[in-house]
Structure formats: C-alpha cells, structure tokens
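Have a look at the structure below before the remarks.
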Amino acid sequence: MTTALYDIPGPHARRRHLLYGLLATVVILGIVAWALYLLFDTGQFTAAKWAPFEYEGIQELLLHGLGNTLKAFAYAAVLSLLLGGVLACGRLSEHRALRWAATVVVEFFRAMPVLVMIFFVFVALKVQPLPALITGLTLYNGSVLAEVFRTGVNAVDRGQREAAYSLGMRKTQVMTHVLVPQAVRAMLPAIISQLVVALKDTSLGFLITYEEFLHAGKLIASNLDYDLPFIPVVMVISPVYIGMCMLLSWFATWVAKRQRRSLKTRKVEVAAAEPGPLLPGAGQQLQEPPSHRSGPKTS
164 MTTALYDIPG PHARRRHLLY GLLATVVILG IVAWALYLLF DTGQFTAAKW
214 APFEYEGIQE LLLHGLGNTL KAFAYAAVLS LLLGGVLACG RLSEHRALRW
264 AATVVVEFFR AMPVLVMIFF VFVALKVQPL PALITGLTLY NGSVLAEVFR
314 TGVNAVDRGQ REAAYSLGMR KTQVMTHVLV PQAVRAMLPA IISQLVVALK
364 DTSLGFLITY EEFLHAGKLI ASNLDYDLPF IPVVMVISPV YIGMCMLLSW
414 FATWVAKRQR RSLKTRKVEV AAAEPGPLLP GAGQQLQEPP SHRSGPKTS
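Each residue of the sequence shown is one higher than the one before, starting from 164 at the first, in the working numbering.
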C-alpha cells in the first residue's frame, strides 16, 4: 500500500525505525544523566542552596516579581495589539501619505532592538522602569503585529472583497464584517507566538531595575548567605516561564478550535417530530364503490 506522499514502511523499515528510536532515546537519557551528574558533582542539590525557598520572605519576593511580570505583560500585550491594529490600518490605507508614514514607523521599530528602545526610554527620557519596559515592548511587538495583521487581511481571497464591494458596502464595513473575521483564523497562531515573545521579553526589565520575576531570582541567586544558589533559582524560574508560555499556546489552540466551528458544522438541536394538522377531508374514510360485477346466472 502506498500514499501520495510516501511508501508505507515494510517490516524491515519498521524494525530499522524502531532501532533508530531506541538509539535516540538512549542518547537523550545519557545526556540527561550526564547533566544530573554534573549538577550533583558541583553540589547544586545541597540543602544550603535550596534553603532560601523555604522562607516566607523569599516566596513573597518571587510572587511579587511574578505579579509584576504578568502586569507588564498584560499592559504590553493590550497596547501592542492596539498599536498593531492602528499601524495595519495605516499600511492598508488608500492614502499614500498615511500609508508611507505607517510603513516608516513599522520598519523602524521592527529593526530596532527591544533592549535599545527600553534603555532609550528609561535613560534618555527619564521614565520610570515599568512605563519604560512597556513602551519598548509595545513599540517592537506592535510593529511586528502590524505586519501580521496586514498580511492576514491581504491573504483573504480577493473575491471576498470584490463581492462585498459589489453589494454596496463601504471599506470600513468590508474590513470589519468580511475581511477581518476571515483573517483572524489565519493570524491567530502568529499573534499568540508574538505575545509569547512579549512575555519572555519582560525579563529584560531587570536590566533597568524593574522588580519583575527574573529580577527577584537574581537577588536570590546573588545571595552569599545561601552559597550563591544560581542553578536552583534557574530550575525554579524556568518552569514558571515555560508553563506561562504553554498556557498561552493552549489558549491559542482553544480559540482556534472555536473559530473553526462554522454554522454548517455546528450541532443544531432539532425539535422532536410531532403529528401535524390533517388535510381537509383526510379524516373521512373513503367508501369503496359497490361492485358491478354479477355472478353467473343459474336457471
């Protein structure tokens, strides 16, 4: 049996693939074992290095930093989406001056490193750490999302746009009722991916003394009283960042599944069948006409 893309492997190929899988598993387990050996050999699992996490003050410091990280991400995500929508509208505008101005802004902030923008706002403009971090993240991610929005709208079939204009709809109505709802399905993975980038970039706030999650971990890791627990701090902070990113990805998958549901495939409840009204005269029984056949006469 074959398919359009590849031949289904036979018995020898399946055994070979199983061997490759076992070898890869052994190599991965070996790397993990080697890493664990180095951690144990350097004393990263000693009680002295993990003792800080037992104290309530350290736990409150980490929770406070995590809250600041989520706050910065929430502001940056909302403002980036708004800025991206505004810049995308400018790039899709029919007015040349507005289109060129939006293009210059998008290309400039896309090319500018995020850290440079954060430091410029913080040092040159004398802005507080949180607004400086949010401004840098918003300018960069908003310009990237603007390109995502523009590409998604242009990816919709031109026939949809022409059909909407033929019905007498204005450009605003075409965008809001026809193009954008269809483009959201294609844009959603890229939007969530960019929001994940914004979430990870909030860690740059520790460079401008913003008390976010990584900054709290740095304070703990540089504590001489606990024998510089750098690796334990990384092992605690990293799963939290990974978990937040995976939660965003799960949310994107959930939204995409709901977006794919259309009226044609959505389950519709149908009322149970009931007897309807009878037609006029349907209740009267039809009488069979008398038979005109006559039997044979007998003499």
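Cβ atoms here follow ideal geometry from the backbone N, Cα and C, with glycine treated the same way.
Spatial neighbours of D364 in its own chain (CB-CB distance under 7 angstroms, excluding positions within 5 residues in sequence) are listed in chain order as V277, L300. Taking D390 as the centre and dropping the five residues before and after it, the same chain places the C-beta of A211, K212 closer than 6 angstroms to its C-beta, in chain order. In this structure, the beta-carbon distance from Y373 to L293 falls below 8 angstroms. With a cutoff of 8 angstroms on beta-carbon distance, L302 and I371 are scored as not near each other. Approximately 17 angstroms separates the beta-carbon atoms of A274 and R313; this is outside 8 angstroms, ruling out the contact. Going by C-alpha positions, T335 is about 14 angstroms away from A326. Spanning the alpha carbons of A309 and A265 requires a straight line of approximately 9 angstroms. Three or more beta-carbon pairs separated by less than 8 angstroms are not found between the segment 377 to 385 and the segment 337 to 344, which leaves the two stretches without contact.
D170 sits in a strand when the DSSP states are folded into three classes. With respect to the C-alpha of V397, the residue from A353, L181, G230, F208 having the closest C-alpha is F208. Membership of H378 in the alpha helix (DSSP H) is indicated by the continuous run 376 to 384. In terms of Cβ geometry, G253 and R262 form a close pair [threshold 8 angstroms]. Rounded to whole angstroms, Q222 and V359 show a C-alpha spacing of 25 angstroms. For Q357, the number of other beta carbons within 10 angstroms of its own is at least 16, and it is reported as buried. Collapsing the DSSP output to three states places M338 in a helix. The three-state reading of DSSP puts A210 in helix, counting H, G and I together. In the structure shown, G331 adopts coil according to DSSP, grouped into three states. A distance below 8 angstroms separates the beta carbons of V269 and S306. Q345 is positioned such that its CB atom lies no closer than 8 angstroms to that of V311.
Closest in alpha carbon position to I400, among P172, L377, G206, is L377. For S366 against N304, the beta-carbon gap comes to about 14 angstroms, at or over 8 angstroms, which does not count as contact.
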